[in-house]
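> Residue numbers for the sequence shown follow mature numbering (1 follows the signal peptide of the UniProt record, and there is no 0), so the first one is 1 and each next one is one higher.
Quick reminder that beta carbons are idealized off the backbone N, C-alpha and C, glycines included.
In this text, all values refer to a predicted model and were calculated from it rather than measured experimentally.
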Amino acid sequence: GTTLGASAAEKGRYFGAAVAAGRLGDSTYVNLLNREFNSVTAENEMKMDATEPNQGQFTFTNGDRIVNHATARGMKVRGHTLAWHAQQPGWMQRMEGSALRSALVNHVSRVASYYRGKVFTWDVVNEAFADGSGGGRRDSNLQRTGNDWIEVAFRTARTADPGAKLCYNDYNIDSWSAAKTQGVYRMVQDFKSRGVPIDCVGLQSHFGTSIPGDYLTTIQRFAALGVDVQITELDIAGSGSQQADNYRRVTQACLAVARCTGITVWGIRDTDSWRYPNDSPLLFDGSGNKKAAYTAVLNAL
Ligand code: XIL
1 GTTLGASAAE KGRYFGAAVA AGRLGDSTYV NLLNREFNSV TAENEMKMDA TEPNQGQFTF
61 TNGDRIVNHA TARGMKVRGH TLAWHAQQPG WMQRMEGSAL RSALVNHVSR VASYYRGKVF
121 TWDVVNEAFA DGSGGGRRDS NLQRTGNDWI EVAFRTARTA DPGAKLCYND YNIDSWSAAK
181 TQGVYRMVQD FKSRGVPIDC VGLQSHFGTS IPGDYLTTIQ RFAALGVDVQ ITELDIAGSG
241 SQQADNYRRV TQACLAVARC TGITVWGIRD TDSWRYPNDS PLLFDGSGNK KAAYTAVLNA
301 L
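1) Ordered along the chain, which non-local residues of its own chain (more than five positions away) have a Cβ less than 7 Å from that of E10?
2) Please report how far the alpha carbon of G12 lies from the alpha carbon of S210, in whole angstroms.
3) Less than 7 Å separating the Cβ of E127 from some heavy atom of the ligand XIL?
4) Which residues in the same chain have their Cβ closer than 7 Å to the Cβ of A178, if we skip the five residues on either side of it in sequence?
5) By the 10 Å Cβ neighbour count, where 16 or more other Cβ atoms means buried, how is residue 303 classified, buried or exposed?
6) Would you call the stretch 155-167 in contact with the stretch 205-221, where contact means no fewer than 3 C-beta pairs closer than 8 Å?
7) Going by CA-CA distance only, name the one from Q252, G136, K192 that's closest to G226.
8) In terms of residue numbering, what span does the alpha helix (DSSP H) encompassing K180 cover?
9) What number of angstroms, rounded off, separates the C-alpha of A50 from the C-alpha of R94?
10) Give the range of the alpha helix (DSSP H) segment to which V250 is assigned.
11) Would you mind sorting N31 into buried or exposed? The rule is 16 or more other CB atoms within 10 Å of its CB.
12) For G183, collect the residues of the same chain with a Cβ closer than 7 Å to its Cβ; drop the 5 residues on either side in sequence, then sort them by chain order.
13) So which of D64, S280, K291 has the shortest CA-CA distance to A237?
14) Taking the C-alpha atoms as reference points, what is the distance between A17 and L4?
15) If you draw a straight line from the alpha carbon of A300 to that of R65, how long is it in whole angstroms?
16) Would you call T159 buried or exposed, if buried means 16 or more other Cβ atoms sit within 10 Å of its Cβ?
17) Specify, as a first and last residue, the run of the beta strand (DSSP E) that G202 falls within.
Below you can see the structure in the form of C-alpha cells.
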C-alpha cells in the first residue's frame, strides 16, 4: 500500500490517529487524516469531563463531530475512555463511596449505549495501575469505591454495547519485566478465568528514545491470555534515524503477533502532539511533511 491505513489493512489491521475536534477545520490536518488513517480516537472528546460535564447531563457534540467525520469516510472509531481517575468533571472529583460507584455505572452505561454500533473498541478503564515496584492499583476516588470497580465497569460496558471490543488501557506496561505490567497481566488472567468480559489490552506506548527490549514478549504474553492487543497512543521521542528505527521496531512487534490488531499514533503532526514542544514524537512534521519515522512505519507494514 501507499498509505499507512491501506498498508495496515493489507495485513488485516488498522492504523489510526488521535484526532481533536478543534482541528477538523485545518485543511492540512484533515487531508493527512483522510489520506493516511483508517481509524480515529477522540483525543479528549469522549472523556468523562467532556461527555458528562454536569451530573446526568450528557454532551456528545464534539465526540459526534469526530465520529461523523470518521464514519462518513469509512474509518473505524476507538472510544476513549469510559472510566479514568483523570479528566473527571468537577462534580465527580468531589464524589466518593456508593454515590460515586452509581455515578460511574450510569456514566459507562449511558456513554457506551449512545455510541453503540459506532465504536468498534472501547477503552473501558484507563490507567488504573500504579507505577513503581508494587504492581498494584493506583489510588483514586474510583479505586476507593472498592477493588471490583474495574470489573463492574467492564460488565456494564458489555451490557450497554455487546458488539464492542472492551479494552483495559495503560502506559508503562510495555516492558514485560515491569511490576506494573505483571499486575495488569494478573488482572486480565483473573478476568478471563472468572468470565469478566475483557477483549483487549491497550498498550499506550508513549516512549522516550528507546523501546523496551522485551516489548514483543509483552505483546505475545497478553495475546496468549486470549485477548487482543492494540497499540493505542503511540508516540516516540527523538528524531531522524533513531526515531525511525524505534517506530519500525514497534510496527514489526505488532505485526509479529496475530492478535495485535492495530496501531494508533497519538496525533498527526508533531505540532499536534500533547508532548510538543518538548518532543516532536509523531510521523509528520509541523508542515505536514512525512518524516523518516513515517517511511520506516510504511516500509515495515
Ligand atoms: C492527553 C491529551 O492528548 C491532551 O490533549 C490532554 O490535555 C491530556 O490528555 N494517556 C491517555 C490520554 O490515555 O487520554 C492522554 O491524552 C495522554 C496520556
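Taking the structure as given:
1) So the list reads G1, once near-sequence residues are dropped.
2) Cα to Cα, G12 sits roughly 27 Å from S210.
3) At a threshold of 7 Å, E127 counts as near the ligand XIL, since its beta carbon sits closer than that to one of the ligand's heavy atoms.
4) Counting only Cβ-Cβ distances below 7 Å, and skipping sequence neighbours, we find N172.
5) No information on residue 303 is available, as it lies outside the stretch 1 to 301 that the chain covers here.
6) Below 8 Å, too few C-beta pairs join the stretch 155-167 and the stretch 205-221 to call them touching: fewer than three.
7) Of Q252, G136, K192, the residue nearest in Cα terms is K192.
8) In the DSSP assignment, K180 falls within the unbroken alpha helix (DSSP H) covering 179-194.
9) C-alpha of A50 to C-alpha of R94: approximately 17 Å in a straight line.
10) From DSSP, the alpha helix (DSSP H) with V250 extends over 240-255.
11) With fewer than 16 other beta carbons inside 10 angstroms of its own, N31 counts as exposed.
12) Excluding sequence neighbours, G183 sits near F129, G135, G136.
13) The candidate whose alpha carbon is nearest that of A237 is S280.
14) Rounded to the nearest angstrom, the two C-alpha atoms are 11 Å apart.
15) Spanning the two alpha carbons is a distance of roughly 32 Å.
16) In summary, T159 is exposed, with fewer than 16 beta-carbon neighbours lying within 10 Å of its beta-carbon over all protein chains present.
17) Judged by DSSP secondary structure, G202 falls within the beta strand (DSSP E) whose first and last residues are 200-203.
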